[in-house]
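A short worksheet on the structure shown next.
Protein chains: 4
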Amino acid sequence: MVGGGPGSYVAGFHRKAAGLDEEIELVAGAFSSKPEKSYEMGKILCLNPERVYGSYKEMAQREAGLPDGEKLDFVSIVTPNYLHFPVAKEFILKGFNILCDKPLVMDLNEATELLKLVKKHDVLFAVTYNYTGYPMAKQAKEMIRQGMLGDILKVIVEYLCNYVPVNTDIKSIKKDFWRLDPARVGSSSCLADLGSHAENLSNYVTGLKIERVFADLKSFVSGCELENDATILLQYKNGAKGSITQSQVLTGEENNLNIRVYGSKASLAWYQNNPAVLSVRFLDKPEVLFKANNDYLEPLVKNSTRLPPGHPEAFIEAFANIYRNFARTVRARKYMEEAGPFDNDFPTIEDGYSGMNFIDKVIKSFKTSSWVDI
Amino acid sequence: MVGGGPGSYVAGFHRKAAGLDEEIELVAGAFSSKPEKSYEMGKILCLNPERVYGSYKEMAQREAGLPDGEKLDFVSIVTPNYLHFPVAKEFILKGFNILCDKPLVMDLNEATELLKLVKKHDVLFAVTYNYTGYPMAKQAKEMIRQGMLGDILKVIVEYLCNYVPVNTDIKSIKKDFWRLDPARVGSSSCLADLGSHAENLSNYVTGLKIERVFADLKSFVSGCELENDATILLQYKNGAKGSITQSQVLTGEENNLNIRVYGSKASLAWYQNNPAVLSVRFLDKPEVLFKANNDYLEPLVKNSTRLPPGHPEAFIEAFANIYRNFARTVRARKYMEEAGPFDNDFPTIEDGYSGMNFIDKVIKSFKTSSWVDI
Amino acid sequence: MVGGGPGSYVAGFHRKAAGLDEEIELVAGAFSSKPEKSYEMGKILCLNPERVYGSYKEMAQREAGLPDGEKLDFVSIVTPNYLHFPVAKEFILKGFNILCDKPLVMDLNEATELLKLVKKHDVLFAVTYNYTGYPMAKQAKEMIRQGMLGDILKVIVEYLCNYVPVNTDIKSIKKDFWRLDPARVGSSSCLADLGSHAENLSNYVTGLKIERVFADLKSFVSGCELENDATILLQYKNGAKGSITQSQVLTGEENNLNIRVYGSKASLAWYQNNPAVLSVRFLDKPEVLFKANNDYLEPLVKNSTRLPPGHPEAFIEAFANIYRNFARTVRARKYMEEAGPFDNDFPTIEDGYSGMNFIDKVIKSFKTSSWVDI
Amino acid sequence: MVGGGPGSYVAGFHRKAAGLDEEIELVAGAFSSKPEKSYEMGKILCLNPERVYGSYKEMAQREAGLPDGEKLDFVSIVTPNYLHFPVAKEFILKGFNILCDKPLVMDLNEATELLKLVKKHDVLFAVTYNYTGYPMAKQAKEMIRQGMLGDILKVIVEYLCNYVPVNTDIKSIKKDFWRLDPARVGSSSCLADLGSHAENLSNYVTGLKIERVFADLKSFVSGCELENDATILLQYKNGAKGSITQSQVLTGEENNLNIRVYGSKASLAWYQNNPAVLSVRFLDKPEVLFKANNDYLEPLVKNSTRLPPGHPEAFIEAFANIYRNFARTVRARKYMEEAGPFDNDFPTIEDGYSGMNFIDKVIKSFKTSSWVDI
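Protein chains in written order, with the numbering used here: chain A, 92 to 465; chain B, 92 to 465; chain C, 92 to 465; chain D, 92 to 465.
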């Protein structure tokens, strides 16, 4: 693991998710750019001190030299965004597989280069768009893939949050809040944080390609260069229309990511805040509520749950699905075994690239007040 | 009443709504452009046959000649859209007060002329944007008016329906379905039907002015000139952002009109499908659910309900609020009494005009792919 | 109408419900035991003063003498409970049909006598158990009647309210609150008010007979002779188990009447507070939500609604269904026409009697701490 | 760990829960009464084979002889019910702390003896009533403890499930289904499985003592000696009334444990199926929804969550709270440190005993058709 020093809550998600299925063990890390913090974290985690490093470069160097049996199967990157690219590059050049937090990198240039590197060095690469790890998002995907919704006409995605205070001075916020600092997150804040998840959810669930975007962005924090709020009109290649609404400043919203997809035969709706339910409505029939952990769900979905019906699973389990599937894919390749039928169900470097491209085009649309092709 | 012959369900709403509070009596009508159908309807309604007319012109002529005690207090217009203007004009010229179904008229030109006529002849004029008759929409309005939400940052309005079949030939639909026929509804279908309600709800609840719009429209019925689906980006004069999403083709949606308003101190959400509940979320506090018919609601709200808590009121009662308030305003003027403090709480000719102007600008934006000022 | 003077809100429900479908007209009344109040109410309602009476006896006397064309089709009784019996008796003896508010009468003796009178004089008699007028309660009934739930195993009914303050002196309450006064409501308060509705809902929806009851009652108002709270265990004739929980003192509950029925093949749940939805869950299938006003509902249900999907109907419309069906049955008999297929869908004297018998046995069970046969 | 061989899903919950916070490590086990299955499970879990045992007696013997640094801190018992007592006894006699699955044992005699043993040998003992590990159940408890609900008047607890098929032969079920076999579960099935959780939830949340019970039980499986369904009337020592409804045969119910508590000032409701929400309703105020992971919650609650608002936690996390608090209590005692302020927030041997006593009295009430004192 690179990043995730004391106090990083995102890294905590990653570790709990990785550990849940007893298939992945954390054995080495460079947890902070400050060596003493990295060592401190290693102690907290009871790691072998020899494999706790003062910098990611040192880690890449030393771990690459270990014999095959001891070598890391993959490296998990949970640093702030601006380090994703250099860290990933360092380890890819040494042949390591990578699991990287989202958004992939800082901008489209880095994304393009990273995509090339991954292809060239032929490593496995996952991006933790963790929300597509939820079982009922998978049920939605499967129902659409099988044509149960008919032709898709409209897609509405929202990612509504409230983690940026609007009536505060940007300077006081910035101190603690790297997400609003262009130097650390790149060309966007809300889009990078939320929009990339929303775009990934649309792609994953609908299987449709976004063709064009028109965007209206806004910073509601005075002095803040980066947007906190965005509404994006979508036109899909198949003729469907859609929108993504996302925001960091909506009082009362608690990580409210949701998607509604309307087809000619049926429609569906899924909300991350109530993740075990998928509402499906067919023409001239009553609404149907699919619930997680039941036998009537699709095989892809049942493969992604661990408990019986009525025993709710949630965020950590969804996250764990990404880790587990990636780890199984890594293992299958390592031992040249055949992977399980659903082991490739995790977001890849291409999905990460797609997110960066989307952000790039959304910003372009806003700056030019015009539709921009994806 | 003009319009509302046998089989018109909208007219049925109007009559039940008008009759609910035992303050309004239907005494005359021209119910159809076919005289025999009008007479038939008069019989069904047990009206005095002398006051059932074969045409609205005949009705206007004869009713205008009645002595003051017998004369109609106001005329209710429930015809298809293309007749709103000529019928209203005919009666306004004879000095009658008018209550007219929405959208006001066919296009902005008619709206402009009608607004002038109403001003010149100094008649009272209501438009049945019935959804703002719901008590909890009024609670939302009052809380915002009193500043409980702080500065408004974002407004999201949706009006999602499913009454146009997408896989049918336009000709077979049109026969029964005047709402898709430009000759009868004017320059828009979905916007006229749904968008005008959504715009009115935003105006009524938030009290904010829409400054600019950017729209993406779509017809999902092959051969249909008019749009069935629209997503409209909004910029408000106060700097808030927003959107209106509306559609006639969303499988499973049953008249799903809803509004969410986000302010710097609190946010609120109201859904017409669950009309007795208003969700309010304050910064750093738990969500609060205001419920209709309770003592803790604002006076404007309590004035609009008839039953104790837990005895649900719904569509007819909301519609009745528009009728009742308008009728009381008419009566107060007639008898030169002071109107009650909330009697002016109904949509007026200005609101009707605002809706037509909004539709006009939305279409312009779509045709030019650009932001258009309201 | 007998009862329903100025300030009676229950009578207001009755009048709005009766008037909704334009099939019933209020033409005469004795609205209060105080003649001047009765006359005042007659004026408010714009009735012909000759048919507004100072007492129900005077009304029965004079109305019975009117010629057939003018005579009342039925009498609606909306007095406090203790007058139901004498008023009904007076009018039955003169051959009038009766619609009476619930509970039927004060105790089982009165109920037995009234049942005999109705049979002997062969009048039509309805009891306004208004909650079984809701369309989705009818959908529940139809699904069970058709065997879609399989064998019924368990029935859970609740009627949870909060209209009696617990920390107040009984004397100060009683002054305004006849519902706690044995002289005016009979042998029970909560059971008469709420329990009879709950029992009727169980009977109507399930079609099952209750065989035995065991009850625990409680007064939470110091000095109050009558119970405010009851939990009743039920054993049904078919072997099913069940319970009715009801209360007047549950903080926050707003007229929360609900029923859940569990069968070997499926189960269903309906809540009066959200009346347009019926949840049905089948073995090994996802939950299904039936919604009011849709085409897929049973004919009995569609016969009971007036608006299109998504246009919510509620309390008044449910109440109106009782009035309308009873009025149509009265009319069919009067003109010796065949009644419509669903016109007999209203609660009768037998249902009213059943309620009084249930209350009687519940009290007996509580007093003896033993199971009592119904 | 004792019990939890291949295929035991309950043991899987335990291991995931124990591992979640990286504070507990599984180091030894006797996973099955069949030695080869135990060894197989040890391999799956990558345990040191020397600490995987063929029987719990062997395990107790050998582990007791290990030096202090290596000795187990506590033993987790996840066997079928009939082994809880002998296994616990074996380890208690050797001085081990115990965490035991619920229900505590087979009957009240065993419970009484076990309670004595625990006292005598002064070991720490936890029972995994895991549902009281949910944060919002803790919020409910805290609000009641602080008097925010006023005097408690009524408590309604339900535990509704559907894991026993009603139309099958008991013999074919029994083969796979030890929960219906008296030899393995004791004197009750549904009560042991579900009722003990319900009783514990009532005790934990309300802090009230149940004084008397009256019960109606039923087996819906032909040939089944043990009940599948129970409704229990409760009288609390403080004068409150209540009920527990529980069942194994309710079609469509998915582990639906819920509690509603009504007080003179406020009431609350919590549902395990939607565990992150606690509804609270105050007199004359709107309903309030407390949501997990927010800053406004009580310290006890915040101590029990791991993620930010809107990142749902669920079953595993609730279970983990029991494990974590017990483990911290064990550790504090071991190192003679002061325990954290909330470390004692786990169900103890007394809670386990209380559950067995409750079951005993419920069965007695049913057999005698009378109220039985607790």
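Glycine is no exception: its CB is placed at the ideal position from the N, C-alpha and C atoms.
Interface flag, residue i vs chain B, CB-CB below 9 Å
i, result
"Gln326(A)", "yes"
"Ala289(A)", "no"
"Thr297(A)", "no"
"Leu317(C)", "no"
Contact list for residue i against chain D, beta-carbon separation under 9 Å
i, result
"Leu157(B)", "Simply none; closest approach about 50 Å."
Reduced DSSP secondary structure (H/G/I, E/B, other) of residue i
i, result
"Thr322(C)", "strand"
"Ser361(A)", "The question names Ser, but residue 361(A) is Trp in the sequence shown. Strand, per DSSP."
"Thr259(B)", "coil"
"Ser445(A)", "helix"
"Gly120(C)", "strand"
"Glu141(D)", "helix"
"Gly286(A)", "helix"
"Leu348(C)", "strand"
"Ser461(C)", "coil"
"Tyr225(C)", "coil"
"Phe216(B)", "strand"
Cβ-Cβ distance between residue i and residue j below 9 Å
i, j, result
"Asp436(D)", "Asn394(D)", "yes"
"Met227(C)", "Ala357(C)", "no"
"Ile115(A)", "Ile247(A)", "no"
"Gly401(D)", "Glu344(A)", "yes"
"Tyr130(C)", "Ala274(C)", "no"
"Gln294(A)", "Lys300(A)", "Before going further, note that residue 294(A) is Asn rather than Gln in the sequence given. Contact flag set, yes."
"Val143(C)", "Ala121(C)", "yes"
"Val169(A)", "Asp192(A)", "yes"
"Val421(D)", "Val304(D)", "no"
"Ala217(C)", "Ile450(C)", "no"
"Leu324(B)", "Cys281(B)", "no"
"Tyr444(D)", "Thr342(C)", "no"
"Pro377(D)", "Lys232(B)", "no"
"Ala289(C)", "Ala405(B)", "no"
Environment of residue i [buried if 16+ CB atoms lie within 10 Å]
i, result
"Asp320(B)", "buried"
"Tyr327(C)", "buried"
"Lys229(C)", "buried"
"Tyr222(C)", "buried"
"Asn139(D)", "exposed"
Cβ of residue i within 9 Å of any chain A Cβ
i, result
"Trp462(B)", "yes"
"Asn71(C)", "This structure does not reach residue 71(C), given that chain C is present from 92 up to 465, and the question cannot be answered."
Contact list for residue i against chain A, beta-carbon separation under 8 Å
i, result
"Tyr225(C)", "Residues of chain A passing the Cβ test: none, with the nearest at roughly 17 Å."
C-beta neighbour in chain D for residue i, strict 9 Å
i, result
"Tyr353(C)", "yes"
"Gln363(A)", "yes"
"Gly333(C)", "yes"
"His105(A)", "no"
"Lys245(C)", "yes"
Chain C residues whose Cβ lies nearer than 7 Å to that of residue i
i, result
"Phe457(D)", "Those do not exist, as Phe457(D) stays about 11 Å from chain C at its closest Cβ, beyond 7 Å."
is_contact[residue i, chain C] using C-beta, thresh 9 Å
i, result
"Glu344(D)", "yes"
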